[in-house]
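J.:
Residue numbers (the numbering used here): 4 to 208.
1) Is it right to say residue 164 is buried, meaning 16 or more other beta carbons lie within 10 angstroms of its own, or is it exposed?
2) Check whether the segment 7–19 and the segment 60–71 touch, using three or more Cβ-Cβ pairs below 8 Å as the test.
3) What is the residue span of the alpha helix (DSSP H) that residue 81 lies within?
4) So, using beta-carbon positions, are residue 17 and residue 92 closer together than 8 Å?
5) For residue 109, count the other beta carbons within 10 Å of its own beta carbon; 16 or more makes it buried, fewer makes it exposed. Which is it?
6) For residue 113, does the count of other Cβ atoms within 10 angstroms reach 16, so buried, or fall short, so exposed?
7) Considering only DSSP beta bridges, list what residue 62 is partnered with.
8) Which residue or residues does DSSP assign as beta-bridge partners of residue 124?
9) State buried or exposed for residue 44, treating a residue as buried only when at least 16 other CB atoms are found within 10 Å of its CB.
10) Tell me the DSSP secondary structure of residue 160 in three-state form.
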């Protein structure tokens, strides 16, 4: 089994739409080279170009953290920190940019080998994107990765400090249905991570 993880520091972007232009040679279809989504795709390609090749089938997880607007108040930022991001760009467009970048890097023969795709968008102080890939047809549970995302978080005084965030590969993916039914805010959490919320009397029994 091959597994690796890359972290892109910056605001994740969706893949831009194809543009059409008439030239003397005919109709030309192209992607704007300076569009944010194109630059994001190229950055992912550079990050993954030296990674170990994946034969497939591949399970791919994309976790996007979007920086909150500077115009938001401190109270609004604290309220939205870690909450789901439900604005543009769309998750499928971000996944398209990531997968096109990985294809251009040559990590797999074609992105058709991806049989399992997970994407998550949340609010954060600093924008970054964590990409985890596992081949041999296995689900992403716990993988040995070489990078951990670091992000800026606000302390109680409103300042900024560096913090190492928990990598998505450390979060259990087992029993997801029971996690959602129990109202657990973390859909990646496993039963062992929820053990601290159980009744201590029941634990003693």
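Glycine included, each C-beta is placed from N, C-alpha and C at the ideal position.
T.: This is what the structure holds:
1) With a pLDDT of 48 at residue 164, under the threshold of 50, the modelled position of that residue is not reliable, and no figure is offered here.
2) Judged by Cβ distances under 8 Å, the segment 7–19 makes contact with the segment 60–71, as three or more pairs qualify.
3) 77–83
4) yes
5) Exposed, because fewer than 16 other Cβ atoms sit within 10 Å of the Cβ of residue 109.
6) The residue in question, residue 113, is exposed, as its Cβ has fewer than 16 Cβ neighbours within 10 Å.
7) 119 and 137
8) 67
9) buried
10) Unreliable placement is indicated for residue 160, whose pLDDT of 49 sits below 50; no coordinate value is reported for it.
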